[in-house]
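2 protein chains.
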Amino acid sequence: MAMIKKTLDASVIFHIVKFSETWKRNGETITAKYGITTQQWLILLLLAKDPNILYFRYVSHKKPMMAKEIANALNVSRANVTNLLNILIQKGLITQQEDSSDARRKRLLLTRLGTKLINQIEKERTCYNKKIFSGFAINQKKQVNEFIDLCLEKMYTEAGTH
Amino acid sequence: MAMIKKTLDASVIFHIVKFSETWKRNGETITAKYGITTQQWLILLLLAKDPNILYFRYVSHKKPMMAKEIANALNVSRANVTNLLNILIQKGLITQQEDSSDARRKRLLLTRLGTKLINQIEKERTCYNKKIFSGFAINQKKQVNEFIDLCLEKMYTEAGTH
DNA sequence: GAAAAACAGTTAACTTTGTTTATCATAAGG
DNA sequence: CCTTATGATAAACAAAGTTAACTGTTTTTC
Numbered sequence: 000m001a002m003i004k005k006t007l008d009a010s011v012i013f014h015i016v017k018f019s020e021t022w023k024r025n026g027e028t029i030t031a032k033y034g035i036t037t038q039q040w041l042i043l044l045l046l047a048k049d050p051n052i053l054y055f056r057y058v059s060h061k062k063p064m065m066a067k068e069i070a071n072a073l074n075v076s077r078a079n080v081t082n083l084l085n086i087l088i089q090k091g092l093i094t095q096q097e098d099s100s101d102a103r104r105k106r107l108l109l110t111r112l113g114t115k116l117i118n119q120i121e122k123e124r125t126c127y128n129k130k131i132f133s134g135f136a137i138n139q140k141k142q143v144n145e146f147i148d149l150c151l152e153k154m155y156t157e158a159g160t161h
Numbered sequence: 000m001a002m003i004k005k006t007l008d009a010s011v012i013f014h015i016v017k018f019s020e021t022w023k024r025n026g027e028t029i030t031a032k033y034g035i036t037t038q039q040w041l042i043l044l045l046l047a048k049d050p051n052i053l054y055f056r057y058v059s060h061k062k063p064m065m066a067k068e069i070a071n072a073l074n075v076s077r078a079n080v081t082n083l084l085n086i087l088i089q090k091g092l093i094t095q096q097e098d099s100s101d102a103r104r105k106r107l108l109l110t111r112l113g114t115k116l117i118n119q120i121e122k123e124r125t126c127y128n129k130k131i132f133s134g135f136a137i138n139q140k141k142q143v144n145e146f147i148d149l150c151l152e153k154m155y156t157e158a159g160t161h
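Heads up: the sequence lines are chains G and C, in that order.
Once you know that position 158 of the first sequence is 157 in numbering that gives the first Met the number 0, the rest is easy, because the numbers rise by one and skip nothing.
Once you know that position 15 of the second sequence is 14 in numbering that gives the first Met the number 0, the rest is easy, because the numbers rise by one and skip nothing.
Set out below in structure tokens:
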């Protein structure tokens with residue numbers, strides 16, 4: 000019989016994973032009202048340059064994003080991003096624009112419709128966040144942020160994959 | 000143009016989600032060495048009654064688990080669990096046993112091979128956890144745990160879905 | 001300056017994980 | 001005995017992801 004010990008480390012991880020899954024599940028019910036998935040919403044947030052996204056801390060951005068950058072930010076393959084972008088183009092939420100200096104590159108832009116949608120969802124997100132984080136001091140949130148930041152660093156350097 | 004504000008709340012969430020994804024990705028490279036996926040590993044942990052899994056805080060367990068309970072614990076459909084279990088049965092890691100008192104129920108048990116595999120992965124997990132949580136005091140980890148615990152409670156009660 | 005290498009994106013075939021719906025068998029309560 | 005609830009499964013499908021092979025462009029290199 001496998002006897003697995005109770006440890007604080009494992010407990011912390013399961014808590015974090017559970018939070019992430021629950022958040023995504025709840026997010027799905029919000030985005031579904033607007034006809035998109037959480038994944039598609041995250042791409043729209045990237046195009047809107049949401050400053051809260053961790054990717055933008057390491058990469059500065061002036062020009063509109065490219066598919067390759069989205070793939071890096073989401074940690075998925077370029078082929079997958081192509082598929083997801085096609086869906087968003089079909090829905091009229093984004094457009095592709097050929098780069099003037101490099102014909103290989105395609106710059107991605109939110110349409111007016113896409114911008115409107117992001118702004119609507121943004122209101123619901125802010126409201127939701129207030130609810131789940133009510134009762135916590137700013138300092139507490141900052142501590143959690145720093146804790147996870149340090150963990151992420153160790154996950155990248157000491158342990159394997161990116 | 001959508002202008003999204005930088006907020007601590009949103010930052011905390013993206014940190015937690017990123018942690019979860021990175022952990023799963025790294026976990027995948029561990030479990031892949033043993034020929035299973037992270038998802039399949041989590042099922043094996045449930046059958047091994049890993050006391051760190053949040054599900055076991057709310058549900059007491061003496062008898063071997065059923066497919067329905069796994070579906071509840073993982074928050075997925077029963078049909079999906081059937082598929083995953085078939086894979087694990089095929090790999091010789093678990094067996095099904097008809098319940099003596101209710102012929103509808105099927106109890107799930109780790110085989111000797113499954114138990115051995117869990118114990119091997121457990122060693123790697125402990126090692127990995129030590130690495131990413133080195134340098135943190137016990138109190139810090141406890142605080143993060145409690146923080147997320149309270150958030151989860153609010154996610155279930157105040158905000159929509161389970 | 002032409003050939004080779006690197007880069008951005010796409011397409012096609014496939015896997016994993018998940019869903020819903022329908023079906024079947026067993027239990028349990030009038 | 002008949003109805004209803006329960007547990008499991010099969011079938012058909014969707015979303016998101018993968019790898020591999022293929023266009024075209026730039027860059028590099030000789």
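C-beta atoms are modelled at their ideal positions from N, C-alpha and C, and glycine is treated no differently.
Which residues DSSP lists as bridging residue i, in chain order
i, result
"G/E152", "Answer is none; G/E152 lacks a bridge partner."
"G/L43", "Note: G/L43 sits in no beta bridge, so no partner."
"C/L112", "Beta-bridge pairing links C/L112 to no other residue."
"C/K105", "C/E97"
"G/M2", "Partner(s): none; G/M2 has no beta bridge."
"C/M65", "C/R106"
Status (buried if at least 16 other CB within 10 Å, exposed otherwise) for residue i
i, result
"C/M2", "exposed"
"G/I12", "buried"
"C/K17", "buried"
"C/L112", "exposed"
"G/Q119", "exposed"
"C/Y127", "buried"
"G/H14", "buried"
"G/S100", "exposed"
"G/I137", "exposed"
"C/T156", "exposed"
"C/D98", "exposed"
"C/G26", "buried"
"G/A72", "buried"
"G/T114", "buried"
"G/T81", "exposed"
"C/V58", "exposed"
"G/G159", "In this prediction, G/G159 scores a pLDDT of 47, lower than 50, which makes its location untrustworthy; the coordinate-derived value is nonetheless stated afterwards. By the neighbour-count rule (16 or more Cβ atoms within 10 Å), G/G159 is not buried but exposed."
Sequence-distant residues of the same chain with beta carbon closer than 6 Å to residue i, five excluded per side
i, result
"G/E123", "I29"
"C/W40", "T30"
"C/Y54", "A72"
"G/M65", "R104"
"C/N85", "none"
"G/I35", "none"
"G/E145", "none"
"C/T125", "none"
Spatial neighbours of residue i in its chain, beta-carbon cut-off 8 Å, leaving aside the 5 residues before and after
i, result
"C/S76", "A70"
"C/K5", "none"
"G/P63", "L46, Q96, R106, L107, L108"
"G/N79", "A70"
"G/T37", "K23, G26, E27, T30"
"G/R56", "none"
For residue j and residue i, believed in contact at Cβ under 8 Å, the rounded distance
i, j, result
"C/L107", "C/I93", "6 Å"
"G/I42", "G/L87", "6 Å"
"C/L116", "C/L46", "Their Cβ separation, rounded to whole angstroms, is 11 Å, which puts C/L116 and C/L46 out of contact at 8 Å."
"G/I131", "C/M154", "5 Å"
"G/L7", "C/K141", "7 Å"
"C/T21", "G/L151", "6 Å"
"C/S19", "G/S19", "3 Å"
Cβ neighbours of residue i in the same chain (closer than 7 Å, five flanking residues each side left out)
i, result
"G/G91", "T110, L112"
"C/H60", "K48"
"C/K67", "R77"
**Against chain G: residues of the stretch 7 to 41 of chain C by CB proximity under 9 Å** = L7, D8, A9, S10, V11, I12, F13, H14, I15, V16, K17, F18, S19, E20, T21, W22, K23, R24, N25, E27, T28, I29
**Message:** At a CB distance below 9 Å, what residues from the stretch 81 to 93 of chain C approach chain G? Give them in sequence order.
**Reply:** Only those residues of the stretch 81 to 93 of chain C whose C-beta falls short of 9 Å from the nearest C-beta of chain G would be listed, and there are none.
**Prompt:** Using a Cβ cut-off of 8 Å, which residues of the stretch 56 to 81 of chain C contact any Cβ in chain G, in chain order?
**Reply:** N74
**Asked** When you check each C-beta in the stretch 118 to 145 of chain G against every C-beta of chain C, which residues fall closer than 8 Å?
**Response** N118, E121, R124, T125, Y127, N128, K129, K130, I131, F132, S133, G134, F135, I137, Q139, K140, K141, Q142, V143, N144
**Item:** chain G contacts made by the stretch 95 to 121 of chain C, where a contact means CB separation under 7 Å
**Value:** L109, T114, I117, N118, E121
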